[in-house]
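Chains as they are written, first to last, in this note's numbering: chain V, 23 to 291; chain G, 23 to 291; chain A, 23 to 291; chain S, 23 to 291.
By construction, the Cβ of each residue, glycine as well, lies at the ideal position given by its N, Cα and C atoms.
Being a predicted model, the structure only gives us computed values, none of them experimental.
4 protein chains.
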Amino acid sequence: MDDIQNAVDERNWPIDQVGVSDLRHPIVVLDRDNRRQQTVAEVKMSVDLPHQFKGTHMSRFLEVLNEHSGEVTMRTLPRILRAIRGRLGAARAGIELTFPYFLERRAPVTGATGLMDYQCAFVGTAEEDSEDFVLAVRVPVNSLCPCSKAISDYGAHNQRGYVTMHVRTGRSADGKPHFIWIEELVSLAELAASAPVYPLLKRADERHVTMQAYDNPAFVEDVVRNVAVALRADARVDWFLVEAVHQESIHNHSVFARIRWERKGATRG
Amino acid sequence: MDDIQNAVDERNWPIDQVGVSDLRHPIVVLDRDNRRQQTVAEVKMSVDLPHQFKGTHMSRFLEVLNEHSGEVTMRTLPRILRAIRGRLGAARAGIELTFPYFLERRAPVTGATGLMDYQCAFVGTAEEDSEDFVLAVRVPVNSLCPCSKAISDYGAHNQRGYVTMHVRTGRSADGKPHFIWIEELVSLAELAASAPVYPLLKRADERHVTMQAYDNPAFVEDVVRNVAVALRADARVDWFLVEAVHQESIHNHSVFARIRWERKGATRG
Amino acid sequence: MDDIQNAVDERNWPIDQVGVSDLRHPIVVLDRDNRRQQTVAEVKMSVDLPHQFKGTHMSRFLEVLNEHSGEVTMRTLPRILRAIRGRLGAARAGIELTFPYFLERRAPVTGATGLMDYQCAFVGTAEEDSEDFVLAVRVPVNSLCPCSKAISDYGAHNQRGYVTMHVRTGRSADGKPHFIWIEELVSLAELAASAPVYPLLKRADERHVTMQAYDNPAFVEDVVRNVAVALRADARVDWFLVEAVHQESIHNHSVFARIRWERKGATRG
Amino acid sequence: MDDIQNAVDERNWPIDQVGVSDLRHPIVVLDRDNRRQQTVAEVKMSVDLPHQFKGTHMSRFLEVLNEHSGEVTMRTLPRILRAIRGRLGAARAGIELTFPYFLERRAPVTGATGLMDYQCAFVGTAEEDSEDFVLAVRVPVNSLCPCSKAISDYGAHNQRGYVTMHVRTGRSADGKPHFIWIEELVSLAELAASAPVYPLLKRADERHVTMQAYDNPAFVEDVVRNVAVALRADARVDWFLVEAVHQESIHNHSVFARIRWERKGATRG
């Protein structure tokens with residue numbers, strides 16, 4: 023049978039990314055307590071394609087995924103990217119895994135526990151002599167409007183908001199990549215907003231969270247700035263993009279804010 | 023060329039519905055002030071298929087849609103359904119049009135105006151001697167939790183909620199179908215919740231809405247019951263399904279409630 | 023603190039369903055080979071609410087879910103529903119779990135394996151003396167148009183389609199509920215279409231599937247009828263709703279067909 | 023009432039973008055034949071926020087939108103952006119409008135007409151002395167796999183694909199911005215794929231399109247390269263990002279490819 027993909031292409035256009043997307047696959051991730059968590063990821067995998075080749079051998083992405091989904095963490099991504107580059111004979115490989123990650127959360131007064139889901143992503147690219155990794159975490163929060171509180175005799179509109187952080191870490195003095203846990207970014211986002219969001223609250227907890235939010239009003243601008251202050255203060259972080267979206271409870275639209283930052287002198291890879 | 027669709031089918035299975043879906047088309051709807059509003063609908067059209075026919079002539083649905091999208095209202099649906107039945111030689115025809123509908127809303131204190139979008143649907147089916155129409159309207163509202171208010175020293179969690187009403191109307195003494203405006207259902211849902219949601223609020227308006235919500239706490243159960251009371255009291259209404267969903271601002275999940283009701287002695291068609 | 027939810031309600035409206043939705047939770051399901059598969063479900067849980075009660079204790083749904091997600095199958099649903107009814111003091115309880123289910127699939131020629139995802143749902147309701155369970159499975163398939171093949175000198179448009187089956191089973195002579203595996207419904211849907219869809223195909227497999235589809239053209243009407251014939255012939259099945267949707271590759275819309283059927287004399291619960 | 027938004031912020035963080043999102047609004051766009059087309063847009067509007075200000079006056083975005091939605095084209099975007107900058111006292115303003123755009127398409131043999139929807143976006147940003155505009159158009163196409171055709175005795179798997187082009191134009195010698203019509207990008211994408219996708223095809227048309235696709239097999243790599251060749255050859259184009267996604271009819275995932283290009287010496291604004 024012809025191998026059409028290996029035919030020569032004469033349009034003289036290299037392709038930046040070519041691969042598979044909209045793919046679901048079970049993966050195992052590690053949590054901070056070193057427990058293995060099984061979840062389901064949406065996967066996107068790609069390589070570059072030099073100008074002289076007509077096509078990519080798409081089935082090879084699936085082979086690599088099947089072989090490596092046993093443990094997917096920021097630590098194992100380099101191995102997966104190396105496997106993609108090798109199997110597809112590519113100079114550059116990329117992968118994006120988006121998945122729900124679950125944490126047991128304890129209600130603030132009664133201590134009642136339940137599981138909360140956080141949408142996360144691992145995004146990695148690798149070339150011969152460089153690697154780049156971004157961890158993304160989306161944290162639901164409560165946001166209470168400072169303006170509404172200030173101008174009203176009582177009450178204040180509040181709503182669910184989502185804080186999404188994309189973070190790239192640097193390397194320590196001895197060359198090892200710094201590592202940040204999803205759990206750390208969750209805490210950081212919750213502190214930046216009016217109150218955390220919980221899976222399970224009993225009445226005493228609901229009272230606590232209601233008043234905590236009222237005591238900590240925060241515009242969408244405040245939330246992104248609070249996150250930015252905290253991430254910049256973390257020496258492990260070289261680059262971040264943070265976005266907050268509040269699903270306004272007095273409107274049928276959202277408000278959002280975003281800050282992008284890069285540490286001076288930071289180098290990728 | 024063969025007409026495969028007209029071939030005889032021997033599996034002896036009539037098909038309840040067969041047709042086209044995931045189709046977008048511009049339509050014109052009438053508002054209460056008799057103005058024509060242009061919007062964009064997601065369309066689903068179907069017929070039944072007797073057991074002896076192999077296939078449906080799908081392109082004919084598109085022909086009918088092109089000819090009738092100039093005005094789509096509860097009043098013109100019967101004409102469209104008749105056209106589908108005729109063109110496809112079917113005993114039964116169905117159509118669903120889902121579309122955003124815009125109303126100019128005035129802020130409660132300053133009177134500042136803006137356009138609000140309401141997701142609506144016209145759902146109709148017709149046979150030789152019967153017709154059935156359902157109007158669906160989804161209204162965004164503010165909901166403030168009665169429990170949170172009662173147990174907290176100050177504040178109360180509130181959030182955006184959506185009230186979705188499916189309503190079937192009866193006929194008047196002279197046999198004419200009763201008619202309900204989208205605008206009427208919007209008002210009814212807003213009265214059932216803690217406060218309306220607006221496109222544009224200035225500071226004085228925001229103060230008003232904040233306190234209005236605090237003065238009118240409503241569980242998701244309250245909202246559906248309030249809507250149910252109002253719809254049952256409306257003699258035009260023969261059947262309804264109402265659902266409220268509150269996007270809890272202290273959780274990452276929603277709460278919902280639904281009531282379905284039919285007037286005794288109501289007959290369809 | 024006041025227990026607002028237990029207050030008396032005087033609007034005199036019982037509520038059909040009230041509960042939590044849009045909730046994600048990890049669950050464990052059993053596959054046909056008796057292996058435990060961890061996946062992530064979207065969960066909806068509800069109870070009825072008699073007219074005299076103002077509100078529901080929503081946090082109790084979460085407590086039940088946390089206690090029972092260790093194994094969720096059609097066999098364990100009755101236990102979960104009983105727990106909901108008990109904990110919330112309700113006459114009727116309902117649950118819907120929607121989740122991706124993975125099967126290892128073998129390519130038809132080379133035998134290369136990979137994991138395929140099938141969107142599934144368990145839907146259960148229970149009252150004092152009755153229980154009702156529906157299993158839903160959505161199967162991606164290839165569909166090749168018989169009309170296009172018949173009228174063209176070469177080629178035929180084909181596309182991805184989805185066959186969704188909702189199935190309710192009856193009870194055997196000794197009163198035990200019949201049981202159907204997800205794997206059985208997957209096979210049945212694939213046989214009804216032009217060709218199965220695979221996670222991983224090498225060139226020899228792609229050749230096989232291409233010709234298999236060309237040899238088995240099927241309208242959306244054929245697919246639902248083929249499934250209907252097979253489900254009716256299965257004595258375990260008391261009721262089904264089957265829908266096929268083909269994402270037409272020559273249009274920007276889909277075509278669909280659906281059949282609903284109930285075995286004569288079948289009784290629920 | 024306090025104007026909290028105007029308070030001084032001491033965290034010393036300017037915000038890149040702050041504004042409103044998830045907003046729906048009717049807009050009027052011009053088509054190539056100079057007819058006004060009413061459609062519905064999803065809108066995102068933003069400004070930058072200097073470090074010394076605590077908050078943004080979000081309601082002003084809505085005021086500007088209400089005043090300018092009467093005609094939204096690449097030509098009127100600068101006026102809207104100027105209005106945002108003025109009303110919010112901002113150095114930089116941004117807007118994104120995403121909307122379905124409808125074209126009457128004629129079937130290739132019978133000439134039967136129907137309306138096709140194309141998802142489009144206008145993306146603009148402006149500062150004191152610079153402006154930047156990107157037009158995005160998503161075109162559904164038919165793609166037939168060259169490998170499947172080459173290795174099979176008959177048939178070839180094909181499927182719906184989407185070609186998305188983001189295009190930035192330059193300025194002519196006399197300083198006027200170049201202008202590209204949505205219609206031009208639609209044609210270009212259709213020529214790059216195996217066959218166009220139509221709203222309404224009669225049997226003779228279906229035969230034509232089936233064979234046209236079989237005669238023009240195209241990998242996802244071919245499609246992006248074909249588009250890239252055509253866009254680079256258009257002297258009006260300074261920058262583009264093109265992505266093709268094929269919803270594989272033999273898999274439950276998609277394949278994709280993307281190329282980004284910038285003309286040498288091109289300057290924005």
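Annotation for residue 72 of chain S: 36 place their beta carbon closer than 7 angstroms to its own, counting only its chain and skipping 5 residues before and after. Residue-level contact check: residue 35 of chain G touches chain A, since one or more beta carbons of chain A fall below 9 angstroms from its beta carbon. In summary, residue 171 of chain S is buried, with 16 or more beta-carbon neighbours lying within 10 Å of its beta-carbon over all protein chains present.
Burial of residue 249 of chain G is indicated by the presence of at least 16 other C-beta atoms within 10 angstroms of its C-beta.
Membership of residue 200 of chain V in any beta strand (DSSP E) is not indicated, and neither H nor E is assigned to it by DSSP. Put simply, the CB of residue 205 of chain V is far from chain G, with every gap to its CB atoms at 9 angstroms or more. Among the residues of chain S, those whose CB is under 7 angstroms from the CB of residue 176 of chain A are 233, 236, following chain order. When the alpha-carbon of residue 190 of chain S is set against those of S:206, S:258, S:234, the nearest one is in S:258. Look at residue 207 of chain V here: in three-state DSSP terms it is helix. Under the three-state reduction of DSSP, residue 260 of chain A is assigned to strand.
Three or more beta-carbon pairs separated by less than 8 angstroms are not found between the stretch 150-160 of chain S and the stretch 59-74 of chain G, which leaves the two stretches without contact. As summarised for the stretch 105-149 of chain V, there are no continuous alpha helix (DSSP H) elements at least 4 residues long confined to that stretch. Exclusion of the five residues before and after residue 107 of chain G leaves 115 as the residues of its chain whose Cβ lies within less than 6 angstroms of its Cβ.
If you look at residue 282 of chain V, you'll find it in the beta strand (DSSP E) that goes 276-284.
The beta carbon of residue 146 of chain G sits closer than 6 angstroms to those of 99, 103, 117, 155, all from its chain and outside the five residues before and after it, given in chain order.
Cβ contact annotation for residue 279 of chain S (same chain, cutoff 6 angstroms, sequence separation greater than five): 242, 243, 246, 266, in chain order. With a beta-carbon spacing of about 4 angstroms, residue 226 of chain A and residue 131 of chain A fall inside the 8 angstroms limit used to define contacts. The beta carbons of residue 179 of chain V and residue 231 of chain G sit closer together than 9 angstroms. In chain order, 225, 228 make up the part of chain G whose C-beta sits under 8 angstroms from the C-beta of residue 169 of chain V. By the rule that beta-carbons nearer than 9 angstroms mark a contact, residue 59 of chain S touches chain G. Interface annotation, residue 272 of chain V: in contact with chain G, CB-CB separation under 9 angstroms. Among the bridge pairs identified by DSSP, residue 60 of chain A is matched with A:50.
Going by beta carbons, residue 183 of chain S and residue 166 of chain A fall outside the 9 angstroms limit.
Contact annotation for residue 219 of chain A against chain S: 272, 273, 274 [CB-CB distance below 7 angstroms, chain order].
Between residue 168 of chain A and residue 218 of chain A, the gap from beta carbon to beta carbon reaches 9 angstroms or more.
Counting only Cβ-Cβ distances below 9 angstroms, residue 71 of chain S has contacts in chain V at 243, 279, in chain order.
Judged by beta-carbon spacing, residue 125 of chain A lies beyond the 9 angstroms limit of residue 81 of chain V, meaning their Cβ atoms are not closer than that value.
By the neighbour-count criterion, in which 16 or more other beta carbons inside 10 Å mark a residue as buried, residue 76 of chain A falls on the buried side. Using a CB distance below 9 angstroms, the part of the stretch 123-146 of chain S facing chain A consists of 138, 139, 140, ordered along the chain. Rounded to the nearest whole angstrom, the CA to CA distance from residue 41 of chain A to residue 271 of chain G is 16 angstroms.
Scanning chain G for C-beta atoms nearer than 7 angstroms to the C-beta of residue 45 of chain A yields 275, reported in chain order.
Contact annotation, residue 282 of chain V with residue 263 of chain V: C-beta distance approximately 5 angstroms; criterion of less than 8 angstroms satisfied. Distance between residue 109 of chain V and residue 58 of chain A, taken at the CA atoms: about 32 angstroms. If you draw a 10 Å sphere on the C-beta of residue 111 of chain A, you find fewer than 16 other C-beta atoms in it, and that means exposed. Contact annotation, residue 61 of chain A with residue 121 of chain A: C-beta distance approximately 5 angstroms; criterion of less than 8 angstroms satisfied.
122: these are the residues of the stretch 104-123 of chain S whose beta carbon lies less than 7 angstroms from some beta carbon of chain G, given in chain order.
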